[in-house]
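Protein chains: 2
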Amino acid sequence: MILGNQVEWALHCCVILASQPKESYVATKYLAEFHGVPKEYLSKALQALSNAGIIEGTLGPRGGYRLAKPANRISFLSVVEAVEGTSSTFVCKEIRENNPCLKKKDRPSAVCAIAKAMYKADEAWRKELRSVSISAVSEELTAKLPADLLKATEAWFSERV
Amino acid sequence: MILGNQVEWALHCCVILASQPKESYVATKYLAEFHGVPKEYLSKALQALSNAGIIEGTLGPRGGYRLAKPANRISFLSVVEAVEGTSSTFVCKEIRENNPCLKKKDRPSAVCAIAKAMYKADEAWRKELRSVSISAVSEELTAKLPADLLKATEAWFSERV
DNA sequence: ATAATAAGGATATATAATATCCTTAATAAA
DNA sequence: TTTATTAAGGATATTATATATCCTTATTAT
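Protein chains in written order, with my numbering: chain E, 1 to 161; chain L, 1001 to 1161.
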């Protein structure tokens, strides 16, 4: 069970957008070039973020994406769920219903105890992701980044807006 | 990101094995028939459990599998990891290293803050799974099961040992 | 001896992840 | 008004993974 690459791309893009000047848009082209990922495929992830109301896009020259709300109100979970969906990492196939001893009168029963435990673990994962914001990680990232690299990166994007 | 069906099968099989009389083996054939899943494919999951030391198999007529240790010492996590592997659900592809402004002198740096947050969520998921034992869920399952169904199920397996 | 079984290698099939291509409508700038 | 640029998203191709089956081997109880 492994998350798709688009989750990582989406999170990094949100962090970049969080570091941009207010109101300015960054085109998919540059987000893709900067991260070294395929533009057309990254575009799908950004569309998912846009549909989820996390970022907003505008058309035409100078178009692109920007955050749709403050970075401190964007959780990791919302980004992950925008890209991967909201359904649980565990899908119960109800194989206990294949028990050959089972009579029709016995069904349906409450949620399977195995599924319940798996759902609880899934929720623990989501709770942790819910507690992390794009702004918090953005601050941590920039704090650790060498000052000159930070400056060069800011310049790289400002030249392309 | 979704867990494979083998995880569910493996957990259900462990619960069944936990309810069997001491020392007795249950053949893959019956575990597959009981759960309504393909025998040959289930066999792969059981082999994984066997390699992980969770269950043990024996050959020949009356052969099959039994738990290799007490059910209260078998965690959900060990079963999940036996089947799905131990690597994190998030794989960091280090796309920050594709930053065109990055100079060679800057690398390598500490773990990416995004990856760190994702790893933490992964660990929260595992921690929850680690806290659940096969015996605890087995007890919960049997407690909820109608008495006659429980009896019929026990009889079904005892006829096949 | 014989039949039953786990173990596991090899391979096939189905499903999902990854990636590209193309059209459309909107927008800014020339 | 014209042109270039862009998000949006449909369609399709490619690759990787999950699912499933088949087969051989060594072991064991009867």
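Each residue gets a CB set at the ideal place from its N, CA and C atoms; glycine is no exception.
Computed from a predicted structure; not experimentally measured.
Under the 8 Å criterion on CB atoms, lysine 1069 of chain L is classed as non-interfacial with respect to chain E. For the region 1072-1085 of chain L, the beta-carbon criterion of a distance under 7 Å to any beta-carbon of chain E is satisfied by Phe1076, Glu1084. For arginine 1062 of chain L, the number of other beta carbons within 10 angstroms of its own is below 16, and it is reported as exposed. The beta-carbon of glycine 1036 of chain L is placed less than 8 Å from the nearest beta-carbon of chain E.
Glutamate 94 of chain E sits in coil when the DSSP states are folded into three classes, being neither helix nor strand.
In chain L, no part has a C-beta under 9 Å from the C-beta of alanine 10 of chain E; the shortest such distance is about 10 Å. Shown here, arginine 1062 of chain L sits in coil according to DSSP, grouped into three states, outside any helix or strand. The Cβ atoms of isoleucine 1114 of chain L and valine 37 of chain E lie no closer than 8 Å to each other.
DSSP places valine 161 of chain E outside both helix and strand once states are collapsed to three, so it counts as coil. For serine 1019 of chain L, the closest alpha carbon among the candidates L:Leu1049, L:Leu1129, L:Thr1142, L:Val1132 is that of L:Thr1142.
Beta-bridge analysis with DSSP links leucine 67 of chain E to E:Ile55. Setting aside the 5 residues that flank it on each side, serine 1075 of chain L is surrounded in the same chain by Leu1129, Arg1130, Val1132, Ser1133, each with a C-beta closer than 7 Å to its C-beta; the list follows chain order. Alanine 124 of chain E: member of the alpha helix (DSSP H) spanning 113-130, first to last residue. In the DSSP assignment, threonine 1028 of chain L falls within the alpha helix (DSSP H) that extends over 1028-1035. Annotation for glutamine 20 of chain E: no alpha helix (DSSP H) segment contains it, and DSSP assigns it neither H nor E.
Across the region 133-146 of chain E, CB contacts with chain L closer than 7 Å involve Val137, Glu140, Leu141, Lys144, Pro146, in sequence order along the chain.
In the three-state reduction of the DSSP assignment, serine 1050 of chain L falls in the helix class, which pools H, G and I. Among the residues facing chain L, proline 100 of chain E is included, as its CB has a counterpart in that chain under 8 Å away.
Residue range 1134-1144 is occupied by the alpha helix (DSSP H) that includes serine 1138 of chain L. At a cut-off of 8 Å between beta carbons, glutamate 1128 of chain L contacts chain E.
Annotation: leucine 1031 of chain L to lysine 1039 of chain L spans about 8 Å, alpha carbon to alpha carbon. A Cβ-Cβ contact shorter than 8 Å links methionine 1001 of chain L with glutamate 84 of chain E. Threonine 1089 of chain L belongs to the set of residues whose beta carbon lies under 8 Å from a beta carbon in chain E. According to the DSSP assignment, leucine 1077 of chain L belongs to the alpha helix (DSSP H) that extends over 1076-1084.
A Cβ-Cβ distance of about 19 Å is found for the pair valine 91 of chain E and valine 7 of chain E, leaving them out of contact under the 8 Å criterion. Close partners of lysine 120 of chain E in chain L (Cβ separation under 7 Å): Glu1128. Per DSSP, reduced to three states, the secondary structure at serine 87 of chain E is coil, with no helix or strand assignment. Residue-level contact by beta carbon holds for alanine 124 of chain E and chain L, with a gap shorter than 8 Å.
The DSSP-derived three-state label of asparagine 1099 of chain L is coil.
If you draw a straight line from the Cα of tryptophan 1009 of chain L to the Cα of leucine 77 of chain E, it comes to about 29 Å. When E:Tyr119, E:Trp125, E:Lys116, E:Gly53 are compared, the shortest CA-CA separation from lysine 1120 of chain L is found for E:Trp125. Taking a Cβ-Cβ cut-off of 8 Å, alanine 32 of chain E has no neighbours in chain L, whose nearest Cβ is about 10 Å from it.
The beta carbon of leucine 42 of chain E does not come within 8 Å of any beta carbon belonging to chain L, so the residue lies off that interface.
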